[in-house]
Amino acid sequence: MEKVEKYRRIIKTELDRQIEHKSSIQPGIQKKLIISPDGLDFIFLVFGWHNKSYQHFIAYRVELKDGKVWVHEDRTDSPIADRLTELGIPASDIICTYLEPKYQEQELAMA
């Protein structure tokens, strides 16, 4: 349980940091973090106007399950899995479900 709390704290801190980062090239874009009532599922939404087009998508979906971090969605140029390993979550505890199964639990830098 201690591990889950540590992971939850790391994930929330990183996603909060990303919300605070404002893009100068996309000033009309907003970000919102949605956390499930049990605190185990994180959805990071990106939405707003950019280049005369309305954007609305899930940038990240991260879930804590079975003592591991499951990254179900990552639509960014900078993989959240890499950042979470830098912040102290072992790569062996991160599963990127959007990758082909044979790559899900390997070194994240290779993904």
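So the number in the working numbering is just where the residue sits in the sequence shown, counting from 1, plus 44.
All residues carry an ideal CB built from backbone N, CA and C; glycine is no exception.
Being a predicted model, the structure only gives us computed values, none of them experimental.
Alpha carbon to alpha carbon, how far is I133 from D110? Here the question's residue 133 lines up with position 89 in the sequence shown. Here the question's residue 110 lines up with position 66 in the sequence shown. Their backbone Cα atoms lie some 14 Å apart in a straight line.
Under the DSSP definition of a beta bridge, which residues are partnered with Q160? The chain is shown from 45 up to 155; residue 160 falls before or after that span and cannot be answered.
Among D118, S97 and T141, which has the Cα closest to the Cα of F88? The sequence position of residue 88 within the sequence shown is 44, counting from 1. The shortest Cα separation from F88 among D118, S97 and T141 belongs to D118.
Please state if the CB of V90 and the CB of I78 are separated by a distance shorter than 8 Å. Taking the first residue of the sequence shown as 1, we reach residue 78 at position 34. Taking the first residue of the sequence shown as 1, we reach residue 90 at position 46. No, the pair does not count as a contact, with Cβ atoms beyond the cut-off.
Could you check which residue in L128, T120 and Y51 has the C-alpha nearest to that of I217? The question about residue 217 has no answer here: the residues shown for the chain are numbered 45 through 155.
What residue from I69, S97, A125 and K96 has the CA that sits closest to L59's CA? Within the sequence shown, the letter at position 15 stands for residue 59. With distances taken between Cα atoms, L59 lies closest to A125.
Mind checking which residues open and close the alpha helix (DSSP H) that includes I69? Residue numbering aside, residue 69 sits at position 25 when the sequence shown is read from its first letter. No alpha helix (DSSP H) contains I69, which DSSP labels as neither H nor E.
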